[in-house]
Each structure stands twice: as structure tokens, then as C-alpha cells.
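Right, one structure below, let's go through it.
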Amino acid sequence: MTYRKEYVLGILSLMPLLAAGTYKGIGWLVTIIVVYVGIPVLIWSLVVDRLVFLVIGIIRYFRESSGHQYYFEKLVGPPGFSRRILRDFRVLLFVFVLSATVVPRITDVSPANIAIVSNAFVYVAIFILAVPSSIHVLFWVLEDSGLRCHNPKRVTVTAPGAWMSNWLASVGSLGAFLTFAVSLGGNLDKAIALTTTLFASLLPSCILAPTLFYRRVEPGILAKVRESKTAMAMARLFAPPSSPSVPPSYPPSSPAPPGTRLA
Numbered sequence: 003m004t005y006r007k008e009y010v011l012g013i014l015s016l017m018p019l020l021a022a023g024t025y026k027g028i029g030w031l032v033t034i035i036v037v038y039v040g041i042p043v044l045i046w047s048l049v050v051d052r053l054v055f056l057v058i059g060i061i062r063y064f065r066e067s068s069g070h071q072y073y074f075e076k077l078v079g080p081p082g083f084s085r086r087i088l089r090d091f092r093v094l095l096f097v098f099v100l101s102a103t104v105v106p107r108i109t110d111v112s113p114a115n116i117a118i119v120s121n122a123f124v125y126v127a128i129f130i131l132a133v134p135s136s137i138h139v140l141f142w143v144l145e146d147s148g149l150r151c152h153n154p155k156r157v158t159v160t161a162p163g164a165w166m167s168n169w170l171a172s173v174g175s176l177g178a179f180l181t182f183a184v185s186l187g188g189n190l191d192k193a194i195a196l197t198t199t200l201f202a203s204l205l206p207s208c209i210l211a212p213t214l215f216y217r218r219v220e221p222g223i224l225a226k227v228r229e230s231k232t233a234m235a236m237a238r239l240f241a242p243p244s245s246p247s248v249p250p251s252y253p254p255s256s257p258a259p260p261g262t263r264l265a
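The opening position of the sequence shown corresponds to residue 3 in the working numbering, with each subsequent residue numbered one higher.
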């Protein structure tokens, strides 16, 4: 599976940042790539692997008392382009909202220091993308691994944590970011302009970092998950029912020759 579309979108969204620091030379390019893309992917590669096996171990331990049945579907690989982009924007929304909640608590948000606050917002957002957003990446890996939860009472089958991922990126929580933008910009017009600028600053990270994770890191994690003892034990526990045995069929007996008396 190729990721050309994501790479194109990510590089195009990166152009304004690179153009803004052209006069700074090659150091600016290296800083952008390392800080905006490299750090999140590095943190995810170190943390998500351990979180996945921790969650699967907890599921195996509590599977009897939870009342749910957990099993692995046939591995179908990473999701398609539209699904991946939807995930990227959920992470972007999560980063925006959480950053808008944190920044006013660490610095004075006012139109007088818009440059300082904007820089603080970007750095806080990169940290949130790298560390708290690992929970989103964890749910992606669990879903892509084929792990499913069957609720017998509701007769539903879902990926573990899917509801939490949706809740973390709830559109209703955008009010926190809008309040932050208006406080910093001073009025709605400036707030919209500021939102657009910050959006353009964070978009490359939220596209390129997940894309590199999908291509370079996730396949190895999925292989280890599917080959783990826990996955094999769950496969035996929830093995598909065997088809009923079919009685052997015998060829019809040859007709008796004419004049033969049957006993």
C-alpha cells in the first residue's frame, strides 16, 4: 500500500513553514522535520508498542468478568486513504482543543503578546501530538490488528476504544479553542486569521507523522500482536464453530440381476 497522497498533502502543507524560514538556511528545515515530524513518530514507536500489549493483557485477564467477548478478525491491513485522513483530522482537532486549554494556564493570553502566545501554542501542540495523542495511535493499532469486542447484550461488534477516540475528538469541545482564539486576537476577524495560521502550522505534523507511523512502525507492531501468545490464546478461546460433520455417502448398490430372489 502506498501513501503518496498523504505525502503530497503533507509536503504541500509544509511549504508555508519552510518559506517562512528560508532566510534561516538548512538549519530551519532540519528543525521543522525533526520537531514537527520526527519527535512524534519517535515517541509513538517507543510508547505505543508497550501500550498495545498492556491493553491486550488487561483484556485477557478481565475477559471473563467483563461480559464481553474479544477476538481477532482476519487481518486486512491498514485502512484506506479516506479513513486515514479522518484519523489525522481527529488528532488535529484533539491537539487544537487541548492546546487551547493548556496555554492560558502557562502564559498570559492577550493581543499584546500574540507572538509569544502563538509560539507557546505551537510547542505545546507538538508535545500534545507526541505524548497525549499516543492514545489515539493506540486505538488505531488495536483496530488495525483486527481486535474486536462483541457485546452479547447489545449484539454489537466494535473495535476496542472506538467510542473514546471519537469522544476525544468531539467537535463540541471546539468552544475552548474559539474562546482562546478570540481572547488572543481581540475580535472575531483576528481570531479567524489566527486559527488559520495555527491550523497551517500544525497540519503537516498531523499528516506526515501518522503516515510515517503507518508505513514504518505499525506493520512491525501488528505482526508481533498477531503472533503473541495472548492473540493465540484468544483465537483458541473464540474459535469459529466447526461445521457439522457430513455422514459419508456410499454409492448406490447395484441392481439385482433379473430373476434373483431377494431375501
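Positions of the beta carbon are idealized from the N, C-alpha and C atoms, including for glycine.
Limits of the beta strand (DSSP E) - the one that residue i falls within
| i | result |
| --- | --- |
| residue 158 | 158-160 |
| residue 149 | 149-153 |
| residue 74 | 71-74 |
Selection from the options that minimises the alpha carbon distance to residue i
| i | options | result |
| --- | --- | --- |
| residue 185 | 101, 111, 61 | 111 |
| residue 274 | 60, 82, 36, 57 | Absent from the model: residue 274. The displayed extent of the chain is 3 to 265, so no value can be given. |
| residue 131 | 101, 61, 167 | 101 |
| residue 225 | 195, 148, 116, 31 | 148 |
| residue 165 | 51, 183, 154, 141 | 141 |
| residue 8 | 183, 200, 213 | 213 |
| residue 234 | 75, 51, 4 | 75 |
| residue 53 | 163, 180, 208, 182 | 163 |
| residue 13 | 39, 29, 28 | 39 |
| residue 97 | 60, 208, 194, 230 | 208 |
| residue 103 | 29, 182, 37, 146 | 182 |
| residue 230 | 51, 43, 22, 32 | 51 |
| residue 146 | 56, 156, 84, 80 | 80 |
| residue 84 | 197, 55, 11, 190 | 11 |
Host alpha helix (DSSP H) of residue i (start-end)
| i | result |
| --- | --- |
| residue 19 | 6-22 |
| residue 115 | Run containing residue 115: none; DSSP gives neither H nor E here. |
| residue 1 | No statement about residue 1 is possible, as the shown extent of the chain runs from 3 to 265 and does not include it. |
| residue 191 | 190-214 |
| residue 220 | 220-228 |
| residue 89 | 83-108 |
| residue 32 | 28-35 |
Beta-carbon proximity check, residue i vs residue j, cutoff 8 Å
| i | j | result |
| --- | --- | --- |
| residue 204 | residue 127 | yes |
| residue 16 | residue 206 | yes |
| residue 133 | residue 215 | no |
| residue 105 | residue 123 | yes |
| residue 143 | residue 223 | yes |
| residue 227 | residue 58 | yes |
| residue 63 | residue 236 | no |
Supposed contact pair residue j and residue i - C-beta distance, whole angstroms, cut 8 Å
| i | j | result |
| --- | --- | --- |
| residue 20 | residue 34 | 7 Å |
| residue 150 | residue 158 | Contact flag wrong, Cβ pair sits at about 10 Å. |
| residue 200 | residue 136 | Not really, about 22 Å apart at Cβ, beyond 8 Å. |
| residue 168 | residue 70 | Between residue 70 and residue 168 the Cβ distance is about 19 Å, and since that is not below 8 Å, they are no contact. |
Item to check | Meets three-Cβ-pair contact criterion under 8 Å: the region 204-223 and the region 35-49 | outcome: yes
Checklist entry - Do the region 193-204 and the region 124-140 touch if we need at least three Cβ pairs shorter than 8 Å? => result yes
Checklist entry - When the Cβ atoms of the region 106-122 are set against those of the region 83-96, are three or more pairs found closer than 8 Å? => result no
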